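Engineer: The structure that follows is given in the form of C-alpha cells.
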Amino acid sequence: MTPVLPFVCKTACREAETMINFDEEIAKYGPSLEISQAEEAVLSREIIDVADIIEKILQDKKDA
Amino acid sequence: MICPKCGANMTLKKGVCAKCGYDIEVNQKTRKYSCYYYNQGLSKAQVRDLSGAVDMLNRALKVSKKNVDARNLLGLIYFEMGEVALAIREWIISKSFLEENNPATRYLQMLQNNTTKVENYSIAIRKYNAAVELAKQGGDDLALIQLKKAVQLNPKYVRAWQLLALLYMRNGDNDRARRCLKRTLSIDIANTTSIGYLKEIRKIKRMGRQIQISVTDNAEVTPDSEEMKGEANVSVMPSFRYAEDKPDYRSFICLCVGLFAGILFVFFLVIPSVKTGMQEEFKQKQISLAEQQSSYLAEIDALEKNNESLQSRLEMQELELEAKEDELESAAGRAGGANVFNMVDYYLKMRNSGDSSRMNLYILQTRLRKISQQEMSNASVKSIVAMVEKSYPDVYNVTMTSAELHAEGVTLFSSERFGDALEFFVCAYEKSPDNEKNLFYMARSYQLTGDNANAKKYFNEYKERFPDGVYYYTVEDQLRKLQ
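Residue numbers (our numbering), protein chains in the order written: chain A, 8 to 71; chain B, 838 to 1320.
Written as C-alpha cells, this is what we have:
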C-alpha cells in the first residue's frame, strides 16, 4: 500500500521542479568590459538611433 | 531655427531643411520620446532602481543617441553598479557629442586624478572575468576566492556579488548567498536577478522545513518509505542547521598510538644499541686499565727488587761501618787511653746521628781538649785526632755559656736521655762549679745512668757546699737510697 503524501509535501515537490538550474544561470554570466578596452569599445561601436533609422527609411523612399 | 543635422538656418513652416532635406518633425518626436525615457530613467535612479534606470536610459539613447543627459546619467549608474569600463565608454561618447559644458568631462577628469582607485576597479573586473571562467569550468572554490577579492576591491560590483551568491547557493551555503544578495539590493533595490535568487533561497528553506514537519506529523508516512526517500533525494534540499564542529577523536587516538609506538621503538631499539655501545666502551676502558695496572705492578716489582738489593747493600755497608768503628775504637783504646776512647766514641755517635749542632760540637771539643800531650805523642792518636778535626774543622771555634749547657742538659734530662744530659751537665759544672743546679743535675744524671759512685760523690759535695740549697733534702733522700 503506497503511503499518502500530505498536501504540504506535494506543494514542495511541485516547487522543486521550478528550482534554479545553476549551470544555466552561470552560463548567463559573461565577461565585463575592462577599462583598458573602453576606448576601443567606443571606436568600434557604431551608434545608431531611431532618428538615423527613420532618416535612412525616408532617404530610401526618396531614392526609390 | 538651426538644422540639427547640417547646422543651416531653416524655417518652421517648411519643417524640412532646405540644405540637407532633414525632417525636423522626426527629430522633434525622437527628442520627445528620448526625453520621456530619460525622465523615467531619472525617476528610477532617484529611488535606486538602477537596473530599471539602465533599461529606460538605454531606450532613451536608442531613440536619440545625442541625448547627452541620458548618456551621462547612464554612465553614472554603470559606475554605481561597478561597471566602470561601461561608465567610461558612455562618458567618452557623451564628450564626443558635446565638448563644452559637459559633466562627462568632469567625471573623466576625476577618474584620471584617482589612478589608485581606477587600478583597483580594473583588477576587480579582471578577477570577476577570471571567476566567470572558473565557475563555468566547475572550479567553484577558486572562483569564490577571485570573487571575494573582486568585491573587496570594488564593494559596489553588483554582478560580482550576484555570481558569488550563486556559487554559494550551488555549494549549499544559503546564508552567505542571502547576505551577498542583500548587499546588491542595497545598491540596486529592484534588481530582478537578486530578487529571483532570494526567492530561490526562501523556497529551498521552506521546502526543507515542510519535509521535516510532514515526516514527523504523519504517522502513515515513514522516512523508510521508498516514495519519500525518492522524493527527498531527487528534488528536496535539506535545511541546514548550524552545528558546531565535533572534536575529532580519531586524530587524538592516532596521536596516542603514534606516541606509544615511538616509545616502544626507543625502548626496544634505541636503548639496547646505546647500552651495547656503552658496554663496549666500558670493556675497552677496563682492558686499558688492566694493562696499566699490570705495567704498574711490574714497575713495583722492579722497584721492590731494587729496594731489596739496596737494603742488603746498606746492611753490608752498616756492618762494614760497625766493623770499622770497632776497629777504630780498639785502635783508639790501644793507642791512647780512656780520653781518646771517649772522644772517638762521641765522634762516631755524632757521625751516625748526623747531628753536628753547636752543643754536640762543644762536647766533642771538650773531649778533644781532654786528650793529654802524652797521648797525643802516639802517632795513631795523632792521626785519629787529625781525622776528627778534618771531619769537623769548626770544632774548636764553638763556645757555649754555662747557662746554655745547663739548659740543653735539662732538655735532654726531661726527655730521659740521661747519658747525653750528663755530658752537658759535666761541661756546665766545669764552667761554673758554684752553680748548685749544675752540681745537683750532674749527680742525679750519674745516678740515673747507673754510675752510683760518682753520684754519691757529687751528692755529698752538694751537701757540704750547699746546706741551704734548694735540693738539700732531695739529695739526702737520694743518698739514703744509694746506701
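For glycine and all other residues, C-beta sits at the position ideal for the given N, C-alpha and C. Note that this is a predicted model, so its numbers are computed, not measured.
(1) Tell me whether the beta-carbon of S871 (chain B) lies closer than 8 Å to the beta-carbon of R908 (chain B).
(2) Residues of chain B with a CB under 9 Å from the CB of I56 (chain A): which are they?
(3) Label M1224 (chain B) either buried or exposed according to how many other C-beta atoms from any shown protein chain fall within 10 Å of its C-beta, with 16 as the threshold for buried.
(4) For E53 (chain A) and chain B, any beta-carbon pair shorter than 8 Å?
(5) Assuming contact is defined by CB atoms lying nearer than 8 Å, are A961 (chain B) and N991 (chain B) in contact in what I supplied?
(6) Could you check which residue in B:K899, B:L894, B:V905, B:G1099 has the C-alpha nearest to that of E53 (chain A)?
(7) Pick helix, strand or coil for V853 (chain B), following the three-state DSSP scheme.
(8) Measuring straight from C-alpha to C-alpha, what distance separates V921 (chain B) and K1036 (chain B)?
(9) Would you kindly work out how many angstroms separate the C-alpha atoms of Y1308 (chain B) and F1277 (chain B), rounded to a whole number?
(10) If you compare alpha carbons, which of B:A855, B:D860, B:D906 is closest to Q877 (chain B)?
(11) Suppose you measure from the CA of D978 (chain B) to the CA of E41 (chain A); what does that come to, to the nearest Å?
(12) When DSSP labels each residue in this structure, what does N1215 (chain B) get in the three-state scheme?
(13) Less than 7 Å between C-beta atoms, sequence neighbours within five positions excluded: which residues of the same chain meet that for A882 (chain B)?
(14) Are the C-beta of A45 (chain A) and some C-beta of chain B separated by less than 8 Å?
(15) Is it a yes or a no for the region 1238 to 1255 of chain B touching the region 1201 to 1215 of chain B, going by three-plus beta-carbon pairs under 8 Å?
(16) If you measure between the beta carbons of L1259 (chain B) and S1239 (chain B), is that distance less than 8 Å?
(17) Please list, in chain order, all residues of the same chain as K985 (chain B) whose beta carbon is under 8 Å from its beta carbon, the five residues on each side excluded.
(18) Could you check which residue in B:A897, B:S901, B:E956 has the C-alpha nearest to that of I61 (chain A)?
(19) Just the chain A side, please: which residues come within less than 7 Å of D1010 (chain B) by C-beta, in chain order?
(20) Give, in chain order, every residue of the region 914 to 935 of chain B whose Cβ lies closer than 7 Å to some Cβ of chain A.
(21) For a minimum of 3 consecutive residues, which ranges assigned as the beta strand (DSSP E) are wholly contained in the region 942 to 1021 of chain B?
(22) So, with DSSP's three-state summary, where would you put N1234 (chain B)?
(23) Considering just the uninterrupted stretch of the alpha helix (DSSP H) at T1286 (chain B), what are its terminal residues?
Structural biologist: Once the coordinates are examined:
(1) no
(2) In the sequence under discussion, the amino acid at residue 56 (chain A) is Asp, which differs from the Ile named in the question. Going along chain B in sequence order, the residues near D56 (chain A) (Cβ under 9 Å) are T867, S871, L898, K899, V900, S901, K902, K903, N904.
(3) Taking a 10 Å sphere around the C-beta of M1224 (chain B), we find fewer than 16 other C-beta atoms and assign the residue as exposed.
(4) no
(5) Yes. Within cutoff.
(6) B:K899
(7) V853 (chain B) falls in the strand class under three-state DSSP.
(8) 29 Å
(9) 7 Å
(10) B:D906
(11) The straight-line gap from Cα to Cα measures roughly 24 Å.
(12) coil
(13) A890, L910, I914
(14) yes
(15) The region 1238 to 1255 of chain B vs the region 1201 to 1215 of chain B: no contact.
(16) no
(17) Beyond the five residues adjoining it in sequence on each side, K985 (chain B) comes within less than 8 Å, by CB distance, of L1001 in the same chain, given in chain order.
(18) B:S901
(19) What D1010 (chain B) touches in chain A: nothing, since even the nearest Cβ is about 13 Å away.
(20) E920, V921, A922, L923, I925, R926, I929, I930
(21) none
(22) Coil at N1234 (chain B), not helix or strand.
(23) No alpha helix (DSSP H) contains T1286 (chain B), which DSSP labels as neither H nor E.
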